[in-house]
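These notes are about the structure you will find just below.
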Amino acid sequence: MKLFIPDVAYIDPRSEKYPLGKTIVENLQRLNVPIINSKKVQIEGKSPGENYAKAKRTIYITVNGEKKLKSCKPSANYQFALSSSCPGSCEYCYLQTTQGEKPFMKIFVNIEDILNVIQQHIEDNSPNVTEFECGSITDPIALEHLTGSLKRCIEFFSNSKNGRLRVITKFDNVDSFLDINHNKHTKFRFSINTPYVIDKFEHNTSSFQERVEAARKISEAGYPLGFIIAPIMLYDNWKNDYKTLMATLKSEISNYKDTISFELIQHRFTATAKDLILTRFPNTKLDLNEENRQLKWGPYGKFKYVYPKEKSLEIKNYITELINDSFSNSIIEYFT
Ligand code: SF4
């Protein structure tokens with residue numbers, strides 16, 4: 181897809197002393213992006229919807245002072261961030277409720293500090309292998325053309341005896357990762373869905389075909405590979421569409437012999453998320469009708485609305501069968 185170019189970039193004066201800060205500024209200048217030196221990002225829209233839209237076109241170049249990484253169970257031991265938020269506007273995004281009214285993107289330039297913190301966590305857990313997730317509060321590929329940070333991380337983990345990296349993305353900008361020595365220490369997981377869901381709800385992200393193509397390239401480059409099918413939605417023709425999705429994956433990734441993991445997540449929402457989604461996307465076609473759902477207690481101390489038990493079981497069994505029929509080398513890590 182066309183690479184994201186922000187409308188405006190703010191630069192925290194602290195980031196100027198880092199080499200990556202300088203590189204990003206040069207990249208932005210080449211793209212004619214207006215750059216403002218400031219400790220604060222100014223976004224003054226006339227409505228919450230406008231604030232959201234403007235924020236998704238704004239980046240803030242700054243530093244990450246995190247010394248103690250958060251746990252990231254069950255997918256990894258810890259999470260770290262090269263950036264926060266992303267240029268995508270997925271209507272159901274679980275970050276809607278955690279990144280405030282103006283979810284502008286932060287890009288962290290002190291990459292070597294971040295890697296030092298990671299190294300410390302690896303050593304503290306030695307001789308065990310320690311896994312790190314870098315996509316918990318961002319899409320780690322969406323801003324890579326401006327930063328090159330993920331490539332640096334893949335190279336770091338390639339040389340790490342006990343550190344492993346997990347990447348999750350809805351973007352297809354993977355070419356810079358194909359020729360580097362990754363040592364199979366980085367696993368790519370592509371968030372995938374039917375073209376109907378992607379086109380209707382995942383605005384400003386790569387299309388279905390683009391993601392499949394990116395997954396094929398990554399598989400041919402020998403990286404560990406997985407797919408997250410999420411959020412799985414029920415709509416007219418959902419069974420046919422997920423069947424076609426799996427048939428396409430099967431034909432595109434047929435030469436990959438290593439294990440392919442699948443993570444399956446049904447669509448869910450909280451009451452807070454529903455309010456926010458309706459403010460930002462008043463014409464949304466998302467099914468947010470509580471009457472069609474059942475309540476489930478979530479790990480973050482909130483009730484969420486999921487499909488009723490029999491529907492949920494139908495989804496689980498159907499998608500599991502599709503995966504098992506398509507890939508003898510698949511493993512389903514979880515359905516939730
Ligand atoms: S790409 Fe991921 S992080 Fe970005 S809006 Fe979509 S779901 Fe959220």
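Quick note on the numbering used here: the sequence shown kicks off at 181 and runs consecutively.
Backbone N, C-alpha and C fix where the C-beta goes; we use that ideal spot for every residue, glycine too.
Range of the contiguous beta strand (DSSP E) that encloses residue i
| i | result |
| --- | --- |
| Phe260 | Neither: Phe260 is in no beta strand (DSSP E) and is coded neither H nor E. |
| Cys266 | Looking at the DSSP string, Cys266 is not in any beta strand (DSSP E), and its letter there is neither H nor E. |
| Leu444 | 440-446 |
| Val347 | 343-349 |
| Val521 | No information on residue 521 is available, as it lies outside the stretch 181 to 516 that the chain covers here. |
| Thr238 | 238-242 |
| Lys380 | Lys380 -> not in any beta strand (DSSP E); alpha helix (DSSP H) instead, spanning 375-381. |
| Phe184 | Where Phe184 is concerned, there is no enclosing beta strand (DSSP E), given that its DSSP letter is neither H nor E. |
| Ile372 | 366-372 |
| Ser251 | 250-252 |
Closer than 7 Å: residue i CB and nearest the ligand SF4 heavy atom
| i | result |
| --- | --- |
| Lys496 | no |
| Asp352 | no |
| Leu183 | no |
| Thr385 | yes |
| Leu466 | no |
| Asp455 | no |
| Asp319 | yes |
| Gly280 | no |
| Gly402 | no |
| Leu275 | yes |
| Cys266 | yes |
| Ser338 | no |
| Cys270 | yes |
| Glu230 | no |
| Glu175 | Absent from the model: residue 175. The displayed extent of the chain is 181 to 516, so no value can be given. |
Residue range of the unbroken alpha helix (DSSP H) whose run includes residue i
| i | result |
| --- | --- |
| Lys234 | 228-235 |
| Asn217 | Here Asn217 belongs to no alpha helix (DSSP H); instead the beta strand (DSSP E) covers 215-217. |
| Arg332 | 329-338 |
| Gln209 | 199-210 |
Interface flag, residue i vs chain B, CB-CB below 8 Å
| i | result |
| --- | --- |
| Glu196 | Although the question refers to chain B, the structure presented lacks it and comprises just one protein chain. |
Exercise. What are the uninterrupted segments assigned as beta strand (DSSP E) that are 3 or more residues long and contained completely in the stretch 268-326, given in chain order?
Worked result: You should have 285-288, 310-313.
For this session: Would you check if the stretch 396-406 and the stretch 428-448 touch, i.e. whether three or more CB-CB distances between them fall below 8 Å?
Result: Touching, yes.
For this session: Please confirm if the stretch 254-261 is in contact with the stretch 206-214, defined as three or more CB-CB distances below 8 Å between the two stretches.
Result: Under the 8 Å Cβ criterion, the stretch 254-261 does not count as touching the stretch 206-214, having fewer than three qualifying pairs.
Exercise. Quick one: complete beta strand (DSSP E) runs, 3+ long, within the stretch 401-434?
Worked result: Here the runs fully enclosed are 405-412.
For this session: Counting only runs of 4+ residues fully inside the stretch 458-515, write out the alpha helix (DSSP H) ranges in chain order.
Result: You should have 489-506.
For this session: Assess, as a yes-or-no matter, whether the stretch 275-284 is touched by the stretch 225-232 under the definition of 3 or more beta carbon pairs within less than 8 Å.
Result: Three or more beta-carbon pairs drawn from the stretch 225-232 and the stretch 275-284 are found closer than 8 Å, and the two stretches are therefore classed as touching.
Exercise. On the three-pair Cβ rule with 8 Å, is the stretch 233-252 touching the stretch 182-192?
Worked result: Flag = yes, the stretch 233-252 and the stretch 182-192 touch.
Exercise. Pairing CB atoms from the stretch 301-321 with CB atoms from the stretch 257-269, are three or more of them under 8 Å?
Worked result: Verdict: yes, contact present.
Exercise. So, do the stretch 416-434 and the stretch 493-502 have three or more beta carbon pairs nearer to each other than 8 Å?
Worked result: Yes: at least three Cβ pairs fall under 8 Å.
Exercise. Okay, do the stretch 364-374 and the stretch 335-353 touch, 3+ Cβ pairs below 8 Å being the bar?
Worked result: Note that the stretch 364-374 touches the stretch 335-353; at least 3 beta-carbon pairs, one per stretch, sit closer than 8 Å.
For this session: May I ask you to verify whether the stretch 210-228 touches the stretch 265-277, counting CB pairs closer than 8 Å and requiring at least 3?
Result: At 8 Å Cβ cutoff, the stretches do not touch.
Problem set entry | Segment contact, 8 Å Cβ cut-off, at least three pairs: the stretch 319-329 with the stretch 195-205 | Judged by Cβ distances under 8 Å, the stretch 319-329 makes contact with the stretch 195-205, as three or more pairs qualify.
Problem set entry | Cβ pair count under 8 Å reaching 3, the stretch 448-468 against the stretch 478-491 | Contact between the stretch 448-468 and the stretch 478-491 is established, with three or more Cβ pairs separated by less than 8 Å.
Problem set entry | Touch test, the stretch 338-346 against the stretch 309-324, Cβ-Cβ under 8 Å, three pairs minimum | They touch, by the three-pair rule.
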